[in-house]
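In full-length UniProt numbering, the protein residues as written are 1 to 451.
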């Protein structure tokens, strides 16, 4: 104990303030029951709590110990000090400290952690921005500003282009808003020319009022500005992959729109024809996400992908099932699922597999007069029905769907979120988990072996 006190006395001579945070049991490691690398997660929490304490004191420069994993320390501290302050006057803003590694040679691990956390913080900023400032064209401009300097190619497709491509389901759902719909095509070329790409599709509804089926619960109505969390996560993931130079080709399709009530809004019972020719009955216009993604999933076949991944705040029911504990995963490949589970454990941003059984397909396809129904029959199972709907339009390759309503649209005040997510702000999840998964698929030798 005396030696520890002496060390602190030395530190206090050099620094204005020192924050001390524990890291839990020394025996912490991968916990199979928790599907979590508890050692890394404890480091994230400890570094975040310490950095937050110093930030509250007004420290502009914070040196962070590397613990036993500098990457996790960088992630925790960077996520922990982030706040959305863009709309506050400067005199009311909290100091945004500069974070540096203290007395540790692993500068590469530290930088990697900062890049991963920064990607997630970018997602959080996009999600937090009010819907009157983050409409479809504003999101497109933000994506260009974020991705193009990193070498990611971004094309903004307008309504005329979408019409020419016969994405009529997407256009039909978007027509009630005065802000025109658009589609982002993003390309990251980190692999070889002959390598088949992974295609990402993400729901980009910049505000979801529910259309003519106006949302019933007004208490948290404003959180639906983050109904574009899937789109935002894709932007963050591409940013991180470009910085880390992951050897993989990735194409992304992001449909952007607002789901508003109005004279041109879709009515319950309307039928639209999708890009692959299947007819869709719009029983509930508030289930717009799966409809606009249907055309994107069909179009993604143009890239001849090896894997298609969809990310969306698709159903409220998944939040009832999992809360903010994990993102729901629907997967057609055991290999893909195992790698995703590893990535979730590694990053502290867990996933949980839901069934993709044929019975759910039957519930959305066994209808008189139309091919697919955007609600499905029977009670319950909404996340599974949403996934079954999407699979009717996905290319004939391995498919992964992440329903992230509970994680991606979760303000940090949600019970159970780690301390590195400040209360009152969106989390930006599952950015690091998805980026880690793609890195594992691209670099098999770098995959974690402890879980």
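Here a beta-carbon is modelled for each residue, glycine too, at the ideal position from N, C-alpha and C.
Since the structure is predicted, the reported quantities are computational estimates derived from the model, not experimental observations.
Cutoff 7 Å; reference residue 196; Cβ partners in own chain excluding five residues on either side
304, 305, 306
Express the C-alpha separation of residue 315 and residue 322 in angstroms, rounding to a whole number.
12 Å
Given a threshold of 16 other Cβ atoms within 10 Å of its Cβ, counted over all protein chains shown, does residue 269 qualify as buried or as exposed?
exposed
Counting Cβ pairs, one atom from each stretch, are 3 or more of them under 8 Å apart for the region 89-104 and the region 429-441?
no
Three CB pairs or more closer than 8 Å across the region 345-364 and the region 249-258:
no
So who's on the other strand from residue 352, going by DSSP bridges?
328
Can you have a look at residue 248 and say buried or exposed, based on whether 16 or more other CB atoms are within 10 angstroms of its CB?
buried
Residue 263 (DSSP reduced to helix, strand or coil)
coil
Kindly indicate the opening and closing residues of the beta strand (DSSP E) around residue 98.
98-102
If we count Cβ pairs, one from each stretch, closer than 8 Å, do we get three or more for the region 365-373 versus the region 327-347?
no
If contacts are defined as beta-carbon pairs under 8 Å, then residue 200 and residue 234 qualify, I think. What distance do you get, rounded to the angstrom?
5 Å
From the DSSP output, in three-state form, read off residue 361 for me.
helix
Does the Cβ of residue 407 have 16 or more other Cβ atoms within 10 Å, making it buried, or fewer, making it exposed?
buried
Taking the alpha-carbon positions, what's the residue 181 to residue 174 distance?
6 Å
Mind checking residue 113: buried by the 16 CB within 10 Å criterion, or exposed?
buried
What span of residues does the beta strand (DSSP E) with residue 426 cover, start to end?
Premise fails: residue 426 is in no beta strand (DSSP E) and is neither H nor E.
Just mark residue 222 as buried or exposed, buried being the case when its beta carbon has 16 or more other beta carbons within 10 Å.
exposed
Can you name, in chain order, every residue of its own chain whose Cβ lies under 6 Å from the Cβ of residue 20, other than the five neighbours on each side?
none
Excluding the five sequence neighbours on either side, which residues of its own chain have a C-beta within less than 7 Å of the C-beta of residue 191, listed in chain order?
247, 248, 249
Contact under 7 Å by Cβ, residue 213 with residue 286
yes
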